[in-house]
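The block underneath contains the structure these notes are about, expressed in structure tokens.
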Amino acid sequence: MAKRTVGSTAMQLSMGTIRIQPPLGLSLFILEKERDSMKLDIVPLHGGACGYDNTFHAGFGTNTAAVSGALFRGGEACGACYQVRCAYTLDPKWCLPRGVVTITATNFCPPNNNGGWCDPPRQHFDMSMPAFLRIARQGDEGIVPILYRRVQCRRRGGVRFTLKGQSNFNMVMISNVGGSGDIRAAWIKGSRTRTWVPMHRNWGANWQSSMDLRTQTLSFKLILVDGKTLELFNVVPSSWKFGQTFASQNQFT
145 MAKRTVGSTA
155 MQLSMGTIRI
165 QPPLGLSLFI
175 LEKERDSMKL
185 DIVPLHGGAC
195 GYDNTFHAGF
205 GTNTAAVSGA
215 LFRGGEACGA
225 CYQVRCAYTL
235 DPKWCLPRGV
245 VTITATNFCP
255 PNNNGGWCDP
265 PRQHFDMSMP
275 AFLRIARQGD
285 EGIVPILYRR
295 VQCRRRGGVR
305 FTLKGQSNFN
315 MVMISNVGGS
325 GDIRAAWIKG
335 SRTRTWVPMH
345 RNWGANWQSS
355 MDLRTQTLSF
365 KLILVDGKTL
375 ELFNVVPSSW
385 KFGQTFASQN
395 QFT
């Protein structure tokens, strides 16, 4: 599987009359060739450090990327969306002149602590081939400058909850989140629970609680990084089993 690794300098750009908050960053892509690149556009991509078992099932498709620690924020960035544009004026040989793509952060790009593109404090993206080819030409050179910014995530359907764990250890993988896409806090409530029970991020997009909520209908409350809150009632029926995924009727906008 071929993929593109994206790195950036710490430099921030001023776009003149174009004012976008937060400021756009100057970034670099690095190409890493692998054998089955021709099949990448139909091969499901896995979410790695975010815990998305399959980015298609999680609602993200193939326009995904792993991000460096400066962007990953200990897993908080899982599900966040970025608009990425190739800086054609800086590299017309490889950049598509009007290429732009919106990607979702679904994995962590680890540092090698030896000047690698994902070493802190650099802000980098390791992009899937389908996403990369939306903004740049395929070639051996592999390094192109980009501009990127945070954008709102547009999802189809409601927020999804995949139930994991066992007995009194409940772990829920939360995916297909709209709005800013990145979750700051989560709560769970069973049909026999009087109050919202806070959940803690176990890793990536997986949140845990220590209550035995089996045979109870489950509701969730989420707060995104941008402060938006959504309460999702009776998403999971009382007959739920570990390993099942349920979609709510509501979504962040």
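The opening residue of the sequence shown carries number 145 in the working numbering; numbering runs sequentially from there. C-beta atoms are modelled at their ideal positions from N, C-alpha and C, and glycine is treated no differently. Small disclaimer: the values here were computed from a predicted structure and weren't measured.
By DSSP, does residue i sit in helix, in strand, or in coil?
i: R400; result: An answer regarding residue 400 cannot be provided, because it is not within the stretch 145 to 397 covered by the chain.
i: A202; result: coil
i: F276; result: helix
i: A209; result: strand
i: G309; result: strand
i: G192; result: helix
i: H268; result: coil
i: R390; result: Reading off the sequence, residue 390 comes out as Phe, not Arg. Reduced to three states, the DSSP call for F390 is strand.
i: L374; result: strand
i: T246; result: strand
i: L366; result: strand
Given residue i, which residues of its chain have a CB within under 7 Å of its CB, disregarding the five upstream and five downstream residues?
i: D326; result: E220, A221, C222, G223, A224, L368 and V369
i: N346; result: M315 and Q352
Please report whether the beta-carbon of residue i lies at a distance below 7 Å from any beta-carbon of chain D.
i: T361; result: Checking the listed chains, one finds no chain D in this structure; it contains a single protein chain.
Do residue i and residue j have their C-beta atoms within less than 7 Å of each other?
i: M317; j: G218; result: no
i: C239; j: V288; result: yes
i: F390; j: V380; result: yes
i: S272; j: T206; result: yes
i: G203; j: S392; result: no
i: L307; j: A330; result: no
From residue i to residue j, what does the alpha carbon distance come to, in whole angstroms?
i: S212; j: L376; result: 31 Å
i: K177; j: T361; result: Only weak support exists for where K177 lies, its pLDDT of 32 falling under 50; the coordinates are left without a value.
i: N394; j: N256; result: 41 Å
i: P264; j: S383; result: 46 Å
i: K237; j: G302; result: 41 Å
i: S311; j: M355; result: 8 Å
i: Q282; j: G243; result: 13 Å
i: E299; j: V321; result: At residue 299 the sequence reads Arg, which differs from the Glu that was named. Taking the straight line from one Cα to the other gives about 7 Å.
i: S324; j: G387; result: 26 Å
i: C253; j: C262; result: 6 Å
i: P241; j: L291; result: 13 Å
i: S363; j: T373; result: 14 Å
i: R328; j: A249; result: 15 Å
i: L215; j: G348; result: 13 Å
i: N198; j: A280; result: 25 Å
i: G192; j: D270; result: 12 Å
Output needed for residue i: all residues of its chain with C-beta closer than 6 Å, excluding positions within five of it in sequence on either side, in chain order.
i: S353; result: N314, I332, V341 and M343
i: S335; result: Q360 and T361
Our contact map puts residue i next to residue j with C-beta atoms below 8 Å; I'd like the distance itself, whole angstroms only.
i: T208; j: A275; result: 7 Å
i: Q227; j: R278; result: Wrong, their Cβ atoms sit about 11 Å apart, outside the cutoff.
i: N251; j: A210; result: 4 Å
Using a threshold of 6 Å, is the CB atom of residue i nearer than that to any non-hydrogen atom of the ligand SAH?
i: A249; result: With respect to small molecules bound, the structure shown includes none, and the ligand SAH cannot be examined in it.
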